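Quick note: the sequence shown uses my numbering, first residue 29, plus one each step. These notes concern the structure reproduced below.
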Amino acid sequence: MRTKQLMLYSFILVLLFVLVGCAAPAAAPADAPGDGDTAAADAPAAGDEQIELRVAWWGSQNRHDRTIKAIELFEEAYPNIDVIYEFSGWDDHWTKMATQAAGGNLPDVMQQDYARLEEWVDRGLMMPLDDYVDDGTLNFADVSEGELAGGRVDGVLYAVNLGTNSQAVLIDLDAFAEAGIDVPAQDWSWEDLEQISTELHDTLDIWGMGPSLNGEQFWKSLYLGHGEWSYNNEGTALGYEDDQIFIDYLHMLLRMQDAG
Numbered sequence: 029m030r031t032k033q034l035m036l037y038s039f040i041l042v043l044l045f046v047l048v049g050c051a052a053p054a055a056a057p058a059d060a061p062g063d064g065d066t067a068a069a070d071a072p073a074a075g076d077e078q079i080e081l082r083v084a085w086w087g088s089q090n091r092h093d094r095t096i097k098a099i100e101l102f103e104e105a106y107p108n109i110d111v112i113y114e115f116s117g118w119d120d121h122w123t124k125m126a127t128q129a130a131g132g133n134l135p136d137v138m139q140q141d142y143a144r145l146e147e148w149v150d151r152g153l154m155m156p157l158d159d160y161v162d163d164g165t166l167n168f169a170d171v172s173e174g175e176l177a178g179g180r181v182d183g184v185l186y187a188v189n190l191g192t193n194s195q196a197v198l199i200d201l202d203a204f205a206e207a208g209i210d211v212p213a214q215d216w217s218w219e220d221l222e223q224i225s226t227e228l229h230d231t232l233d234i235w236g237m238g239p240s241l242n243g244e245q246f247w248k249s250l251y252l253g254h255g256e257w258s259y260n261n262e263g264t265a266l267g268y269e270d271d272q273i274f275i276d277y278l279h280m281l282l283r284m285q286d287a288g
C-alpha cells in the first residue's frame, strides 16, 4: 500500500513539475515559444539538454519526506533533469517567495495558494499555460473544466491544482449498529443529520454530533448546496442574498445543543 501511495504521489508531483510555472516579470517576445515553426525547430531533442529545475513547496515533515522521495524517482526517470528543491513551513515559504520575487529569482516551480494566485498574476510573476495547452504539450482531455477553473485568472490558465478535497462527516459505525440506525445514504440532508444525531443521543445517551468550532467551511458548503457561493467572484462581498439559509443552519445547531 505504501508503495502504491508513493508512486501515486510521484505521479502527482510530476504533474506539478509539468503544469505549474512561474516566471520573473518580463515582456513576452513577439515570437514566444508556442508560435510554432521556429521554436519547434530550435528545440533540443527530449533528454539531450541538461536542465536544472528549482522547486519550492510548504508542508509538514511527512510531506517533505514523501516529496523528496518522489523527486528522486522523477530524476531516475529523467536523468537529464537535476531538481534543486527547497521546502519550509507555511509562513516561511511565503517570506522566501516574496524575497525571491523581489530579487527576480523565483523557483521554476512553486506551490501556490488559490487565495494568492490572482495577486501574483497581477504582479507578472506567473507564466500563462494556455499556449502549451493549445499546442498539445499539456493534455487536459481527461481533466474537467471545474478542476482547471481554480487555476484561471481572467480566463487565462496559470496553475493546475495538485488535488481536490471535499467536506466529509465521520460516523461511528459501531454506535449506529448499537442504536439500530441505518447508515444514511450519500445524499442525506441536513434534516437527516439532525434526526439521526438526536436518535443517537436519545438511544445511547451520547453526543449525537460534534459540530466544528470553526464553521467557515460548513458555511461555504451550506451555500454551495443551494447553488450559491459564500463570496462573489471578485472576493469583495458575500455571494448570496438569502441569510435565512444560514440562520436555519444555526437554529438547527442550537436545537441539538439544547437537546443535549
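For each residue, glycine too, the CB sits at the ideal point set by N, CA and C. Bear in mind that the values here come from a model prediction, so they are computed numbers and not experimental data.
| task | Could you name each continuous alpha helix (DSSP H) segment of 4 residues or more that falls completely within the region 234-279, going from the start of the chain to the end? | result | Taking 4 residues as the minimum length, the alpha helix (DSSP H) runs contained wholly in the region 234-279 are 244-252, in order along the chain.
| message | Buried or exposed for L157, going by 16 or more other Cβ atoms inside 10 Å? | response | Classification of L157: buried, given that the 10 Å Cβ count is 16 or more.
| query | Under the rule that 16 or more other beta-carbon atoms within 10 Å means buried, what is A84, buried or exposed? | reply | Label assigned to A84: buried.
| According to DSSP, is D210 helix, strand or coil? | In the structure shown, the three-state DSSP call for D210 is coil.
| query | For Y142, which of L282, G191, Y277 has the nearest alpha-carbon? | reply | Restricting attention to L282, G191, Y277, the CA atom closest to the CA of Y142 is found in G191.
| Which class does D150 belong to by DSSP, given the choice of helix, strand or coil? | In the three-state reduction of the DSSP assignment, D150 falls in the helix class.
| query | Does DSSP classify Y142 as helix, strand or coil? | reply | Helix.
| How do the region 162-176 and the region 206-213 stand: do at least 3 beta-carbon pairs fall below 8 Å, yes or no? | Touching, no, given that fewer than three Cβ pairs across the two stretches are closer than 8 Å.
| field | Closest by C-alpha distance to D76, when choosing among I109, K248, E104 | value | Comparing Cα positions, the closest option is I109.
| query | Looking at the structure shown, is E80 part of a helix, part of a strand, or coil, going by DSSP? | reply | Residue state, collapsed to three classes: strand.
| task | Identify whether V197 lies in helix, strand or coil by the three-state DSSP scheme. | result | Note: V197 maps to coil in three-state DSSP.
| Three-state secondary structure assigned by DSSP to F102 | Looking at F102 - three-state DSSP - the assignment turns out to be helix.
| task | Use the C-beta contact count for Y259: other C-beta atoms within 10 angstroms, 16 or more gives buried, fewer gives exposed. | result | Classification of Y259: exposed, given that the 10 Å Cβ count is below 16.
| query | If you count every other CB in all the chains shown that lies within 10 Å of the CB of Q139, and 16 or more means buried, which is it? | reply | Classification for Q139: buried.
| query | Using the C-alpha atoms, what's the distance from N261 back to Q223? | reply | Here the alpha carbons of N261 and Q223 stand approximately 35 Å from one another.
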